[in-house]
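Residue numbers (this note's numbering): 2 to 454. Below you'll find the structure, written out as structure tokens, and then a few comments.
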Amino acid sequence: MSSETVDLICGLLGMQVLKESKTLKWKNNHITILPTLSTDENVNACDSVDIPIIRFMAQFPPSLSSSKNVLHLKAYALAEEDILDVVGNALRSNIPIVISGVAYDGLDGDPSVEYLDKYFAISPNRPHLDVIMQSIDHVNPTINGTIESFFDSMTDPTSIQCILDIPLAQTSLPWALQNIDHGIVHGWNQSVHTVPISSNVHPHNFTVRGWGMAHQAGFLMYPHHDVEGTLTWVRMEVGVKFWVLFWLKDQHDDWSHIQNIATQLINFVENKAWLKKHCNTGLITLRPGDMLIQPPGTMHAVYTPVASFATGGHFYHYLCMHLTELARYIDVKVGDSMTNQALDHALETLRHMVIAIPYLSSTISLSKRPLLSLCMMATSSKHYHAKGSNHRSVCDRETAKPSMDISDVILEFLGTSQWVSASHILYQGNQFTARDLVDRKELDRALTQSLEL
């Protein structure tokens, strides 16, 4: 890490943020503004929650290439023949990935209406919900607006807003990683002939794979994990983000302790001592051309010190289903710890992934704990109804019976019986490890003998 100080304040004070905004030096040697939003009583609304969180984040050590908790790659690694295996094996082990130097659609200066229109076909007139800093309004943190009105407010120092979810279905991962989205590539692409779609399909199944997010300077995303146990990828196009990750230090076999990280992070300011004792942290600085891929359930907080635009998406992966199951379990128990973006697509995508298993290429690896988790989620859908989500998200459709039939065979193959439940096997040992690989030939033989394929 360079010892050179990086100034991210130039041009902001009095232009995009209030002139009296204080500054802060981070452990990564960057100097940023601290958010300032004055109330009618002339008090900074960010003083009580946002600024203590940001100051705490600023103390975290930068994640280096030598890190054991994060895999750092250069863009040239994407040309390696085994890149999908390298990425998949890291993610299955609950290790996030940072790839530096990937192609991006950037520009000099701040993002603008013209930039989004030209490179991403995002119309200035597109209506959107803007998210205002929760320090101002915890109950109603969104306001109606358009892309153009959002950028107009960027030069209003009394405003700090973001747009979290701009649908960009055309946006995708780098070419070398496109097949890592197992929910689409295998689940949907390879199963609709076997089980033709006859019911309504929620558009989230497809729009969630690509989106954009725009932030004004000084916006803090509180600690959370992404809903429905998805993996998340983010690529910086313009600007800078400080992405802080949280990992438990130990007790990885203790479900109540694992759930505790979510409950403790909800009340971050009150629980700093617990977090220091039980969590490892890492600070990742994302600049244009940097890409981050997060495993399911990764607790993270994000500070955006300058106006920024990023693209990204959500996806599922066969080798990460144990982490997906764990995150979805926490969604049920502690719904307040997840992102406020609702996804109603999860069950159908997971069931399509089950239906595709008998037809998967032998080159696709499957592991015991993730496979067990996938079958449990497909067959016990109501146990994973996320707190606050739409009840229709767990309704049975045409995929229910075939996914149940296939899951029953797989669960028996993995050792379940009327005396040994799937949950008994799943909830033993380190919940973040995927365990051994499944013998694909033996699994295929069991499926062929039991099902009409």
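C-beta: ideal position from N, C-alpha, C; glycine also.
Selection from the options that minimises the alpha carbon distance to residue i
| i | options | result |
| --- | --- | --- |
| Gly230 | Met405, Ile331, Asn70, Asp251 | Ile331 |
| Met214 | Leu169, Val196, Thr264 | Leu169 |
| His318 | Val303, Asn95, Phe121 | Asn95 |
| Glu271 | Phe57, Lys119, Val196 | Phe57 |
| Gly314 | Leu165, Lys26, Ser124, Tyr120 | Leu165 |
| Ala302 | Arg127, Pro197, Gln419, Ala263 | Ala263 |
| Ser368 | Asp397, Gln60, Thr434 | Thr434 |
| Thr380 | Pro359, Ile198, Lys402 | Lys402 |
| Phe316 | Asp255, Trp212, Pro125, Ile365 | Trp212 |
| Asp41 | Ile181, Val103, Thr159, Ala423 | Thr159 |
| Tyr223 | His205, Thr233, Trp234, Trp244 | Trp244 |
| Val21 | Ser200, Ile32, Leu38 | According to the sequence displayed, residue 21 carries Glu and not Val. The residue with the shortest Cα to Cα distance from Glu21 is Leu38. |
| Ser192 | Gly146, Leu108, Pro359, Ile54 | Pro359 |
| Met378 | Ala328, Ile365, Ser366, Gly107 | Ala328 |
| Gln179 | Ala274, Leu415, Leu85, Gly12 | Leu85 |
| Ile10 | Leu19, Gly107, Thr33, Leu448 | Thr33 |
| Ser124 | Gly146, Ala104, Gly107 | Gly146 |
| Lys277 | Phe61, Ser257, Glu115 | Phe61 |
| Val114 | Arg127, Ala104, Tyr105, Gly102 | Arg127 |
| Asp254 | Cys47, His73, Gln429 | Gln429 |
| Cys280 | Lys273, Trp256, Lys250, Ala274 | Lys250 |
| Lys383 | Val333, Tyr105, Pro197 | Val333 |
| Gly12 | Val228, Thr156, Leu79, Trp176 | Thr156 |
| Asp445 | Pro204, Phe414, Lys273 | Phe414 |
| His187 | Ile365, Leu284, Pro197, Val421 | Ile365 |
| His73 | Val87, Glu82, Tyr105 | Val87 |
| Leu361 | Lys442, His203, Glu82, Pro204 | Lys442 |
| Tyr105 | Ser418, Pro175, Asp153, Pro36 | Pro175 |
Cβ-Cβ distance between residue i and residue j below 9 Å
| i | j | result |
| --- | --- | --- |
| Phe310 | Glu238 | yes |
| Asn45 | Ile52 | yes |
| Trp189 | Thr305 | no |
| Ala218 | Gln171 | no |
| His226 | Met354 | no |
| Phe167 | His194 | Here residue 167 is Ile; the residue named in the question, Phe, does not match the sequence. No, Cβ-Cβ distance for Ile167 and His194 is not below 9 Å. |
| Gly432 | Ile294 | In the sequence on display, residue 432 carries Gln and not Gly. No, they are not a contact pair. |
| Glu453 | Tyr385 | no |
| Thr299 | Pro63 | no |
| Ala59 | Lys23 | no |
| Leu25 | Ile55 | yes |
| Leu324 | Pro297 | yes |
| Ile356 | Thr312 | no |
| Leu427 | Arg370 | yes |
| His346 | Asn201 | no |
| Val50 | Phe269 | yes |
| Ile148 | Leu117 | yes |
| Ile185 | Arg210 | yes |
| Met322 | Ile100 | no |
| Leu92 | Leu320 | yes |
| Arg398 | Ser257 | no |
| Asn261 | Trp275 | yes |
| Cys376 | Leu348 | no |
| Leu284 | Ala177 | no |
Environment of residue i [buried if 16+ CB atoms lie within 10 Å]
| i | result |
| --- | --- |
| Lys75 | exposed |
| Asp440 | exposed |
| Val140 | Bear in mind that the predicted position of Val140 carries a pLDDT of just 48, short of 50, making it unreliable; the figure below should be weighed with that in mind. By the 10 Å Cβ count, Val140 comes out exposed. |
| Gly240 | buried |
| Gly89 | buried |
| Cys396 | exposed |
| Thr6 | exposed |
| Leu246 | buried |
| His425 | exposed |
| Arg352 | buried |
| Asp111 | buried |
| Ser404 | buried |
| Gln162 | buried |
| Leu438 | exposed |
| Val307 | buried |
| Tyr77 | exposed |
| Lys119 | exposed |
| Leu234 | The sequence given here places Trp at residue 234; Leu does not occur at that position. Buried. |
| Val18 | buried |
| Val103 | buried |
| Arg236 | buried |
task: Return the chain-ordered ranges of every alpha helix (DSSP H) run that is complete within the stretch 218-287 and spans a minimum of 4 residues.
output: Within the stretch 218-287, the complete alpha helix (DSSP H) runs of at least 4 residues are 256-267, 273-279.
query: Is the stretch 399-415 close to the stretch 60-69, with three or more CB pairs under 8 Å?
result: Proximity of the stretch 399-415 to the stretch 60-69 falls short of the contact definition, fewer than three beta-carbon pairs being nearer than 8 Å.
query: At which residue ranges does the stretch 78-107 contain complete alpha helix (DSSP H) runs of 4 or more residues, listed in the order of the chain?
result: Fully enclosed alpha helix (DSSP H) runs of 4 or longer: 84-93.
message: Please give the ranges of any alpha helix (DSSP H) in the stretch 134-199, keeping only runs that are unbroken, at least 4 residues long and fully inside the region.
response: Entirely contained in the stretch 134-199, the alpha helix (DSSP H) runs reaching 4 residues are, in chain order, 148-153.
- prompt: Which full runs of the beta strand (DSSP E) of 3+ residues lie inside the stretch 11-84, going along the chain?
  reply: Complete beta strand (DSSP E) runs here, min 3: 24-26, 31-34, 72-75.
- request: Would you list, in sequence order, the uninterrupted alpha helix (DSSP H) runs of no fewer than 4 residues that lie entirely inside the stretch 416-440?
  value: Scanning the stretch 416-440 from its first residue to its last, the whole alpha helix (DSSP H) runs of 4-plus residues come out as 423-427.
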